[in-house]
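Numbering (the numbering used here), first residue to last: 7 to 233. We treat Cβ as the ideally placed atom computed from N, Cα and C, and that holds for glycine. Only a predicted model underlies this, so the values are computations on that prediction, with no experimental measurement involved. The next block holds one structure in the form of structure tokens; read it before the comments.
Structure representation (structure tokens):
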């Protein structure tokens, strides 16, 4: 059986393991995208993960979010934490079965996977000056948008995407979704995270339409230490 220290062998050079040891990573919303993000972070080797969600597992979450039949009625943060510790029992996990509130402490890295623009805007107002890496995943049907903010220019761009809820496309992010779309969105978000860890410029705005096989990106400036 492969030992835990050996499990990172195939991602050497792609994921700087030593940097993961010093980070606390927060996932706000562990629904379709957020649960997939949390699973990928645990597999990647993140050592401290904070999970925040007020919801419980419903039957439709089995199809679209990767929960199990035995999770029905459980808090999503508890079911997800249990799954992550099956990946690696050494991961330190904090669960917060509640909505995000202004006094909620978050980590150096924040993944936002909530349902509405208004919720995103409220969270961003509070955490934008307290996190080094921010990534927001949005999805409706087979269309997704990944927004990443790590520096002054990308933070300014992200703020422009927080239009009023009235102007948002009809339907919450989870009103129409599939597990495969959520997994792709989560993979793109975690990819931006690994780029940031390696000092590579991130894509501050990435949109993908799976049905049309279309993808557009906007790149931010590379980190100062890489110039």
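Boundaries of the beta strand (DSSP E) in which residue i is found, first to last residue
i: residue 84; result: Per DSSP, residue 84 belongs to no beta strand (DSSP E); it is in the alpha helix (DSSP H), 82-93.
i: residue 58; result: 54-58
i: residue 124; result: Taken as a continuous stretch (DSSP letters only), residue 124 belongs to no beta strand (DSSP E), being part of the alpha helix (DSSP H) at 123-133.
i: residue 98; result: 98-102
i: residue 28; result: Here residue 28 belongs to no beta strand (DSSP E), and DSSP marks it neither H nor E.
i: residue 12; result: It is not in any beta strand (DSSP E) - residue 12 carries neither H nor E in the DSSP assignment.
Helix, strand or coil at residue i [DSSP, three-state]
i: residue 145; result: strand
i: residue 77; result: helix
i: residue 183; result: coil
i: residue 155; result: strand
i: residue 46; result: helix
i: residue 39; result: helix
i: residue 138; result: coil
i: residue 112; result: coil
i: residue 63; result: coil
i: residue 165; result: helix
i: residue 222; result: strand
i: residue 19; result: coil
i: residue 229; result: Low per-residue confidence applies at residue 229: pLDDT is 48, beneath 50, and the placement is therefore not dependable enough to give any value.
C-alpha distance - residue i paired with residue j, whole-angstrom precision
i: residue 40; j: residue 139; result: 16 angstroms
i: residue 42; j: residue 189; result: 6 angstroms
i: residue 224; j: residue 211; result: 5 angstroms
i: residue 72; j: residue 185; result: 7 angstroms
i: residue 99; j: residue 56; result: 6 angstroms
i: residue 59; j: residue 202; result: 25 angstroms
i: residue 1; j: residue 106; result: Past the edges of the chain, shown from 7 to 233, lies residue 1, and the structure says nothing about it.
i: residue 196; j: residue 31; result: 11 angstroms
i: residue 126; j: residue 24; result: 30 angstroms
i: residue 70; j: residue 12; result: 32 angstroms
i: residue 74; j: residue 154; result: 30 angstroms
i: residue 148; j: residue 45; result: 21 angstroms
i: residue 104; j: residue 110; result: 10 angstroms
i: residue 122; j: residue 191; result: 16 angstroms
Residue from the options whose Cα sits closest to the Cα of residue i
i: residue 61; options: 109, 85, 158; result: 85
i: residue 67; options: 100, 37, 27; result: 37
i: residue 47; options: 117, 124, 75; result: 117
i: residue 165; options: 133, 23, 14; result: 133
i: residue 1; options: 187, 197, 206; result: The chain is shown only over 7 to 233; residue 1 falls outside these bounds and no answer can be derived.
i: residue 29; options: 104, 69, 107, 113; result: 113
i: residue 89; options: 35, 27, 49; result: 49
i: residue 27; options: 76, 52, 44, 157; result: 52
i: residue 159; options: 111, 136, 208; result: 208
i: residue 163; options: 192, 130, 150; result: 130
i: residue 157; options: 150, 54, 147, 137; result: 137
i: residue 34; options: 108, 149, 65; result: 108
i: residue 169; options: 183, 128, 192, 147; result: 128
i: residue 193; options: 182, 150, 76; result: 150
i: residue 183; options: 206, 143, 124, 15; result: 143
i: residue 120; options: 77, 145, 79, 135; result: 145
Endpoints, alpha helix (DSSP H) assigned at residue i
i: residue 68; result: 66-71
beta-carbon residue i near the ligand SAM non-hydrogen atom, thresh 7 angstroms
i: residue 60; result: In terms of ligand content, the structure shown is empty, and the ligand SAM therefore cannot be addressed.
Contact the region 85-102 vs the region 18-26: 3+ CB pairs below 8 angstroms: Touching, no, given that fewer than three Cβ pairs across the two stretches are closer than 8 angstroms.
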